[in-house]
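Number 64 in our numbering belongs to position 64 of the sequence shown; there are no gaps in the numbering.
Here is the structure we will look at, set down as structure tokens.
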Amino acid sequence: MKSQTLRLVNQLLSGNQDSAWDIVEEALQKGASSLDIYESLLTPAMYYIGTLWEKNIVTVADEHVATTTCDYVLTRYGLAKKKPKNI
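Printed below as a string of structure tokens:
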């Protein structure tokens, strides 16, 4: 797993919305597309968190924090994509 994805996993599990968003922004600044963000960053991070939960490494509460934080990042990403760039 890429180090960027592992960094995102840690931020999602800690509930750190701003740091999780910063990781997505970094990827965007490096030229990542929406497909890259969804398929190469967010999806692998959430699958890994699910695996951690299945193995009882993280709790249900930890998984819920990660999911809520990921929802925030997805919402912020959606808003950022809609925002006009000239303003």
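Positions of the beta carbon are idealized from the N, C-alpha and C atoms, including for glycine.
Three or more Cβ pairs closer than 8 Å define a contact, and the segment 34-49 meets that threshold against the segment 59-77. With distances taken between CA atoms, residue 9 lies nearest to 53 out of 53, 35, 79. Counting the other CB atoms within 10 Å of its CB gives residue 61 a total below 16, which places it among the exposed residues. If you keep only unbroken alpha helix (DSSP H) runs of at least 4 residues inside the segment 23-70, you get 43-54.
Here the alpha carbon of residue 5 sits roughly 6 Å from the alpha carbon of residue 41.
The distance from the Cβ of residue 17 to that of residue 72 is about 5 Å, consistent with a contact at the 8 Å cut-off. Per DSSP, residue 10 is one residue of the alpha helix (DSSP H) stretching across 3-14.
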